[in-house]
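The opening position of the sequence shown corresponds to residue -14 in this note's numbering, with each subsequent residue numbered one higher. Beta carbons: idealized from backbone N, C-alpha and C, even for Gly. Working notes for the structure below.
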Amino acid sequence: MRLRGRSLSHWALLAALGQLAARALAGGAALVVDPSGALVDASPAPLAPTPVDDFLLPGALLVALFGVCPVLAGYGLHADLSWGRAAAVAVGVALALWVAAETALGFARPTRALNLATAAAVLALAASPSVASSSDGTTGSKRR
């Protein structure tokens, strides 16, 4: 089934990237505004074995990696640019690694399951052959 000339997988992938970007922009901005983590009820204790003392750098990384990059990946996908799918896969892999790092450091955030599900969905949808189909029904990207 196609919607506006695109597969449902295409739209589902854009939705997964979009909700990740919205959550990361909100959470990352909160950590940058209040690096203590109090605004999002996050204790800095798990940061002890790392070179950072507060959430300023993790918040900035959250905004960049999972706020901005998913938007760029979504643009690349929707504009049928050759790097769109690769960017989506990179976001999915990076998110899975982020969750692994959070887990290893001892963060017990309620968003862990949602982030893991988002990473899995992004990777599965990006691998879908129907996502590779451009809006005119051809396979593959038309532009660089």
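Cβ-Cβ separation between V84 and L66: approximately 27 Å, too far for a contact (criterion under 8 Å). For A6, same chain residues with a beta-carbon under 6 Å away, outside a window of 5 residues either side, are G52, P55, V56 in chain order.
Between the alpha carbons of G44 and R97 lies a distance of about 16 Å. Our two residues, A49 and G(-10), have alpha carbons roughly 31 Å apart in a direct line. Taking C-alpha positions only, Y60 is separated from V74 by approximately 14 Å.
In the DSSP assignment, P29 falls outside any alpha helix (DSSP H) and carries neither an H nor an E. DSSP places W83 in the uninterrupted alpha helix (DSSP H) bounded by 69 to 90. In the three-state reduction of the DSSP assignment, R94 falls in the coil class, being assigned neither a helical nor a strand state. Close CB contacts of L110 within its chain, under the 7 Å cut and outside five residues either way in sequence, are with S(-6), A(-3), L(-2), A1, V116 (chain order).
The alpha-carbon of A86 is positioned some 31 Å away from that of P114. Straight across, the Cα-Cα distance linking A72 with L24 is about 31 Å. If you draw a straight line from the Cα of V17 to the Cα of L41, it is about 5 Å long. Check the Cα spacing between D26 and each of L47, L108, A93: the tightest is with A93. Secondary structure of S(-8) (DSSP, three-state): strand.
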